[in-house]
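Student:
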Amino acid sequence: MPVSLHHLTSARYALGLGNDESLPWREPGLDSNCVAGHFVASTSGVFLKLWWLFRGKSSLWSEYLHGRYCRNLHPTIVPYNRNHSPVWHRLYRIRDVAEPFLFWTLGEGFVSFWHNNWLGEKPLAQLLHRDTYTMEPVSYYWHGGDWNVPRILRTIPMPFAQTICQIPIAGGHGDKIVWTGSSTGDFSTKSAWEAIRQASLRRQLLADNSSGLADATKGFSFSSKCQCCEAEETVSNLFIESAAVQGVWQHFAAIFGLCLCDTWTLTHMVHFWRYSTPFYSDLHIRTLIPFLIVWFTWTLRNAVKYRGIPFSTDGIILEVQRHLRTLYAARTLTSTRWKGDLHRATVMGFIFRQTVPRAPSIVPWRAPSLSWFKLNTDDSFLGNPGLAGAAGIIRDSAGHVHLAYQLAELTAVWWGMELALTHGLAPLVVEMDITTVISLLKSRASRKWEVQHLIMRIVRLQQLLVADVKHVFREVNGATDHLAKEAASSQLTRVLHHDDITGVLRGILCLDRQGVPHLH
């Protein structure tokens with residue numbers, strides 16, 4: 068076991084965690100069990116990390132556990148044995164919580180073909196409902212650096228075999244484990260706590276629903292009385308119709324100059340607030356206000372029910388304003404969240420400094436080195452939500468176009484590199500204005516398995532093309548941006564050659580070839 072974590076699994080630290088209550092199936096509340104709940108959750112988070120280290124990291128400790136408890140068996144199918152050590156018992160109990168968060172990218176192919184989740188959704192044994200104990204590695208189904216299709220078809224049904232053969236094999240490095248609970252693919256304590264919390268909520272909801280169903284089958288029905296009036300407690304009454312809550316909605320509507328309708332549902336109210344400004348977004352203040360009202364109405368309702376605090380309009384308004392001040396003090400509620408409503412921010416006591424526009428700079432398109440080619444890619448979105456398109460252009464060191472393409476989907480980098488490989492346009496410089504894509508290609512990890520497979524395809528093409536991926540400013544990608552917008556509006560997928568390029572696009576490419584700069 069890692070020395071840094073040894074004290075967390077000692078008998079004194081893990082006191083009382085050897086029974087079925089070792090996982091925090093109950094959410095800790097504001098009672099004497101709160102500390103115990105946090106204690107159990109923290110130790111469970113530690114064992115989630117231990118399972119991550121045991122499954123994905125090569126060490127003497129993990130090799131010892133494999134040899135001691137998993138001899139000739141995969142760790143996910145080892146049965147319970149009361150004679151095993153307390154540490155292994157805890158790992159055994161946390162196994163079903165941790166495994167759904169583990170995903171493997173293929174390198175050398177040493178991971179289990181049946182029991183490791185390298186396909187995307189689940190391990191193959193679970194997808195095909197097979198109780199198999201074979202320990203075949205994925206590389207057993209490879210031949211010459213690609214999938215051995217005849218061998219796969221002898222074992223796997225056709226639909227799954229087709230999916231398997233589409234998964235890229237990126238050689239040159241070992242198999243990599245990805246923790247899908249975090250955005251980076253690495254294990255984090257925050258994501259571990261969230262995994263435990265979700266498991267707790269699922270168990271609690273199942274218990275609550277089964278109890279309510281049992282009462283209903285016996286003919287019992289207990290409707291709740293609203294905590295703010297004498298009516299029956301419903302979603303509509305609690306959050307919209309009661310006099311106290313209507314006062315809250317009217318208070319903030321007056322600040323933002325809105326006229327509300329008494330017959331709206333909660334969904335109508337939220338949508339009205341969101342789209343009452345032409346600058347609407349998920350983080351705009353008019354999107355935030357309704358959710359804060361609903362949240363603090365709910366928390367005050369619980370305070371009335373369980374602590375006897377009186378329900379009042381002023382109490383909800385005060386809590387909403389207090390939360391906004393907290394966000395303002397933390398510099399989270401910036402002026403961009405108040406776009407179009409800065410004068411109302413001043414009325415509410417929020418003062419924002421005037422932003423000074425940045426001076427423009429000149430950014431020309433630069434040709435690649437002699438004998439190199441350059442692929443510029445770009446995406447375009449017509450509305451949010453709306454149609455999306457992507458495009459790319461491959462040019463040589465003289466700025467002449469060899470290939471251009473348009474897609475009605477977001478795989479521009481991958482398809483452009485495939486075209487470059489097919490037409491022998493290498494070595495290659497790849498330029499794009501999306502920094503997140505460049506970061507993903509450098510880390511080679513994504514928590515979404517569909518994206519992960521695409522990343523590994525691009526990494527393999529990088530090796531074949533000796534490709535260098537770089538960031539450029541959006542203005543430099545004028546030609547590809549023009550193609551991407553055209554692809555988004557027409558929803559076409561096509562490849563263009565030099566003679567197919569006409570009109571505005573030909574003019575933009577001519578300016579790039581002459582070195583005419585763009586303003587950034």
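Following my numbering, the numbering of the sequence shown begins with 68 at its first residue and continues without gaps. C-beta: ideal position from N, C-alpha, C; glycine also. Given the structure is predicted, the values throughout are model-derived calculations rather than measurements.
(1) Using CA atoms only, rank isn't needed, just tell me which of A493, A554, S206, I383 is closest to Y472.
(2) Can you tell me whether A397 is helix, strand or coil according to DSSP?
(3) At 4 residues or longer, and completely inside the segment 158-232: list those alpha helix (DSSP H) runs for me, N to C.
(4) Would you mind reading off the limits of the alpha helix (DSSP H) that contains L350?
(5) Nearest to S436 by CA position, among I144, D535, I236, is which residue?
(6) Going straight from the alpha carbon of L333 to that of R122, what length do you get?
(7) Does the separation of the CB atoms of E542 and V468 fall below 8 Å?
(8) Rounded to a whole number of angstroms, what is the C-alpha to C-alpha distance between L140 and K189?
(9) Under the rule that 16 or more other beta-carbon atoms within 10 Å means buried, what is L576, buried or exposed?
(10) Only counting runs of 3 or more residues, tell me where the beta strand (DSSP E) segments fall wholly within the segment 538-571, in order along the chain.
(11) Expressed to the nearest angstrom, what Euclidean distance is found between the alpha-carbon atoms of A370 and P377?
(12) In whole angstroms, what separates the C-alpha of N215 from that of I234?
(13) Measure from the alpha carbon of L19 to the alpha carbon of each residue in S179, K441, W365, F227, then state which is nearest.
(14) Spatial neighbours of L280 within its chain, please: CB distance less than 7 Å, with the 5 preceding and 5 following residues excluded, ordered by chain position.
(15) Give the DSSP bridge partners of M499, in chain order.
(16) Assuming D500 contacts H538 (C-beta within less than 8 Å), just tell me the rounded distance between them.
(17) Rounded to a whole number of angstroms, what is the C-alpha to C-alpha distance between T409 and L391?
(18) Going by Cα to Cα distance, which pick from Y342, F363, G382 is closest to R353?
(19) Are the beta-carbon atoms belonging to F339 and W331 less than 8 Å from one another?
(20) Check for me: the alpha helix (DSSP H) holding W246 runs from which residue to which?
(21) Where does S447 fall in DSSP's three states?
(22) Compare the beta carbon distance of R527 and W481 with 8 Å and say whether it is the shorter of the two.
(23) Going by C-alpha to C-alpha distance, which of I460, L394, F170, A493 sits closest to R561?
(24) Quick one: residues in its chain with C-beta nearer than 7 Å to the C-beta of T143, no 5 flanking neighbours on either side, listed in chain order?
(25) My output table needs one value for Q421: the three-state DSSP class, helix, strand or coil.
(26) Need the endpoints of the alpha helix (DSSP H) that L492 sits in, please.
(27) Is it true that the CB of T489 sits closer than 8 Å to the CB of A457?
(28) When burial is assigned at 16 or more other CB atoms within 10 Å of the CB, is Q530 buried or exposed?
(29) Any idea if S111 is buried or exposed, counting beta-carbon neighbours within 10 angstroms, 16 or more meaning buried?
(30) Since I believe L350 is in contact with H404 (beta carbons under 8 Å), could you give me their beta-carbon distance rounded to a whole number of angstroms?
(31) Starting from the Cα of P357, find the closest Cα among K372, G375, Q317, R368 and give me that residue.
(32) Measuring alpha carbon to alpha carbon, tell me which residue in V496, A487, S557, R433 is nearest L578.
(33) With H, G and I counted as helix, E and B as strand and the rest as coil, what does DSSP make of E592?
(34) So for Y147, helix, strand or coil by DSSP?
(35) Nearest chain D C-beta to I575 closer than 8 Å, yes or no?
Tutor: For this structure:
(1) Numbered from its first residue, the sequence shown carries residue 472 at position 405. If we check each option's Cα against that of Y472, A554 comes out closest.
(2) The residue labelled residue 397 in the question sits at position 330 within the sequence shown. Of the three classes helix, strand and coil, the one that applies to A397 here is coil, per DSSP.
(3) 191-194, 216-222, 225-232
(4) For this step, residue 350 is matched to residue 283 along the sequence shown. Careful: L350 lies outside any alpha helix (DSSP H) and carries neither H nor E.
(5) Within the sequence shown, the letter at position 369 stands for residue 436. Here the closest residue by C-alpha is D535.
(6) Here residue 333 corresponds to residue number 266 of the sequence shown, with the count starting at 1. Here residue 122 corresponds to residue number 55 of the sequence shown, with the count starting at 1. Each residue's alpha carbon lies about 46 Å from the other.
(7) As a first step, residue 542 is located in the sequence shown; it is residue number 475 there, counting from the start. As a first step, residue 468 is located in the sequence shown; it is residue number 401 there, counting from the start. Contact: no.
(8) Indexing the sequence shown from 1 puts residue 140 at position 73. Indexing the sequence shown from 1 puts residue 189 at position 122. Between L140 and K189, the C-alpha separation is close to 18 Å.
(9) By 1-based counting over the sequence shown, the position of residue 576 is 509. Counting Cβ neighbours within 10 Å, L576 comes out buried, since at least 16 surround it.
(10) 561-563
(11) If you number the sequence shown from 1, residue 370 lands on position 303. If you number the sequence shown from 1, residue 377 lands on position 310. Straight-line Cα distance between these residues: approximately 8 Å.
(12) Along the sequence shown, read from residue 1 onward, the residue named residue 215 stands at position 148. Along the sequence shown, read from residue 1 onward, the residue named residue 234 stands at position 167. Each residue's alpha carbon lies about 13 Å from the other.
(13) Here the chain covers residues 68 to 587 and nothing more, so residue 19 does not appear.
(14) To locate residue 280, count along the sequence shown from 1; it is residue 213. For L280, the predicted model reports a pLDDT of 48, less than 50, meaning its position is unreliable; a value from the coordinates is still stated below. Cβ neighbours of L280 beyond the five flanking positions: none.
(15) Residue 499 sits at position 432 when you count from the first residue of the sequence shown. DSSP lists H538 as partners of M499.
(16) Here residue 500 corresponds to residue number 433 of the sequence shown, with the count starting at 1. Here residue 538 corresponds to residue number 471 of the sequence shown, with the count starting at 1. That belief holds up - the Cβ atoms of D500 and H538 are roughly 7 Å apart, short of 8 Å.
(17) Position 342 of the sequence shown, counted from the first residue, corresponds to residue 409. Position 324 of the sequence shown, counted from the first residue, corresponds to residue 391. One detail in the question is off: residue 409 reads as Leu in this sequence, not Thr. Looking at the two C-alpha atoms, the distance is approximately 14 Å.
(18) As a working mapping, residue 353 is identified with position 286 in the sequence shown. Among Y342, F363, G382, the Cα nearest to that of R353 is on Y342.
(19) On the sequence shown, residue 339 is found 272 positions in, with the first residue counted as 1. On the sequence shown, residue 331 is found 264 positions in, with the first residue counted as 1. The answer is yes: Cβ separation under 8 Å.
(20) By 1-based counting over the sequence shown, the position of residue 246 is 179. Element bounds for W246: not the alpha helix (DSSP H) but the beta strand (DSSP E), 243-246.
(21) In the sequence shown, counting from the first residue as 1, residue 447 sits at position 380. Note: S447 maps to strand in three-state DSSP.
(22) By 1-based counting over the sequence shown, the position of residue 527 is 460. By 1-based counting over the sequence shown, the position of residue 481 is 414. Their beta carbons are not under 8 Å apart, which means R527 does not touch W481 by this criterion.
(23) Residue numbering aside, residue 561 sits at position 494 when the sequence shown is read from its first letter. Measuring from the Cα of R561, the nearest candidate turns out to be I460.
(24) Position 76 of the sequence shown holds residue 143. If we look at T143 and ignore the five residues flanking it on each side, its Cβ neighbours are R162, E166, H182.
(25) Taking the sequence shown and counting its residues from 1, the one referred to as residue 421 is at position 354. Coil, per DSSP.
(26) Numbered from 1 along the sequence shown, position 425 holds the residue referred to as residue 492. Neither: L492 is in no alpha helix (DSSP H) and is coded neither H nor E.
(27) Taking the first residue of the sequence shown as position 1, residue 457 is located at position 390. Taking the first residue of the sequence shown as position 1, residue 489 is located at position 422. Not in contact: A457 and T489 (Cβ atoms no closer than 8 Å).
(28) For this step, residue 530 is matched to residue 463 along the sequence shown. Flag for Q530 reads exposed.
(29) Residue 111 sits at position 44 when you count from the first residue of the sequence shown. Classification for S111: buried.
(30) Here residue 404 is taken as the residue at index 337 of the sequence shown, counted from 1. Here residue 350 is taken as the residue at index 283 of the sequence shown, counted from 1. With the sequence shown as reference, residue 404 is identified as Arg, and His is not the correct amino acid for it. About 6 Å separates the two Cβ atoms, so the contact holds.
(31) Mapped onto the sequence shown, residue 357 falls at position 290. If we check each option's Cα against that of P357, Q317 comes out closest.
(32) Position 511 of the sequence shown holds residue 578. Selected option, being the one with the closest Cα: R433.
(33) Outside the displayed range of the chain (68 to 587) lies residue 592, so it cannot be described from this structure.
(34) Here residue 147 refers to the residue found at position 80 of the sequence shown. Reduced to three states, the DSSP call for Y147 is coil.
(35) Reference to chain D is not applicable here, since this structure consists of a single protein chain.
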